[in-house]
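First the structure, in the form of structure tokens, and then the observations on it.
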Amino acid sequence: MLRRATSIGARRAWRAALTLSTLCSHSLLARWNFPTAVSRLQRCIVDNLPTPLEHIFATAIGFLGSASSRTCHPIKREQFTNWALLLLLHCVERASNDAKLLYTYNLARAFHGINRTEAAELVYLSVLQHCHRWWYIPTTSDVHSTHHPPPQYSALCPNICSTTESLCSVHSANPLTAVLSATVHNLVRIYIARGDLNRARRLVLVRVRSSPR
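All letters in the sequence shown, in the order written, are residues -30 to -1, 1 to 183 by mature numbering (1 follows the signal peptide of the UniProt record, and there is no 0).
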């Protein structure tokens, strides 16, 4: 009975949290639901209720979607963004080694999306450093490599390929390749925007010259 009650409570908490993204444009509803949803979400995490990381990740993406809405009030935008970053950090900390890369990449993309480019750069670089130990930064010819990513990436990969449409063909062949390619692509964008063309060129050269180990 206790286990059943716990799972019902967790489902209700997640339902309340996930509906937040659909309520952000309605200020009265958002004002009433935001603290309620957050407190329930917090209770789930603190009490170690059965809350799959996929649900936490989906909630974080919902918060980011709410923050990006043009009708979202600036104060609420900051609240949504901060909670999304906290939830993504929670995913990175709790994830297994196989899934950690994907959550780390999405954390970097979240920082990048709110123009915190220095934080985004550091997290993108950690993605590359993590991959370099057991993978490689692939070239176009390596897309159909015999190396295959862990199955966990396939379950979550629809969330990783919105950075650039050109990755769609790569993404369908190898989700991990898409993560690495998008990471390099976004780092190059950061360096070019900063005017650091030498670092951008070096990163592109590293990408082109890398090969399977």
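C-beta: ideal position from N, C-alpha, C; glycine also.
Can you give the Cα-Cα distance for Tyr94 and Arg40, rounded to whole angstroms?
Distance between the alpha carbons of Tyr94 and Arg40 is about 27 angstroms.
Are the CB atoms of Arg64 and Leu23 nearer to each other than 9 angstroms?
Yes, the Cβ-Cβ distance between Arg64 and Leu23 is below 9 angstroms.
According to DSSP, is Arg169 part of a helix, a strand, or is it coil?
Here Arg169 sits in helix by DSSP.
So, are the CB atoms of Val149 and Leu173 less than 9 angstroms apart?
Contact: no.
Just the C-alpha distance for Ala152 and Leu71, rounded to the nearest angstrom, thanks.
Approximately 13 angstroms between the Cα atoms of the pair.
In this structure, how does DSSP classify residue 185 when only helix, strand and coil are distinguished?
Here the chain covers residues -30 to 183 and nothing more, so residue 185 does not appear.
If you reduce the DSSP assignment to three classes, tell me which class Arg86 lands in.
In the structure shown, Arg86 sits in coil (DSSP, three-state: anything other than H, G, I, E or B).
Considering Cα atoms alone, identify which of His82, Ser38, Thr74, Phe27 is closest to Ala163.
The candidate whose alpha carbon is nearest that of Ala163 is His82.
Is DSSP giving Ala152 helix, strand or coil here?
Helix at Ala152.
Evaluate Ala125 with the Cβ neighbour count: other Cβ atoms within 10 Å of its Cβ, from every protein chain shown; 16 or more gives buried, anything less gives exposed.
Low confidence applies to Ala125: its pLDDT is 37, below 50, so where it sits in the model is not reliable, and the reading given next is rough at best. It counts as exposed.
Report yes if the CB atom of Trp53 is closer than 9 angstroms to the CB atom of Ala30, and no otherwise.
Yes. Within cutoff.
Given a threshold of 16 other Cβ atoms within 10 Å of its Cβ, counted over all protein chains shown, does Gly165 qualify as buried or as exposed?
Classification for Gly165: exposed.
Excluding five sequence neighbours on each side, which residues of the same chain lie with their C-beta closer than 6 angstroms to the C-beta of Cys61?
Leu23, Ile26, Phe27, Tyr73, listed in sequence order.
Expressed to the nearest angstrom, what Euclidean distance is found between the alpha-carbon atoms of Leu56 and His155?
One C-alpha to the other measures close to 25 angstroms.
Indicate the three-state DSSP secondary structure (helix, strand or coil) for Ser66 in the structure shown.
Coil, per DSSP.
Taking only the alpha-carbon atoms, compute the straight-line gap between Pro182 and Arg171 and give it to the nearest angstrom.
Only weak support is given to the placement of Pro182: the predicted model assigns it a pLDDT of 43, under 50, and the value that follows is read from those uncertain coordinates. Those two C-alpha atoms are separated by around 21 angstroms.
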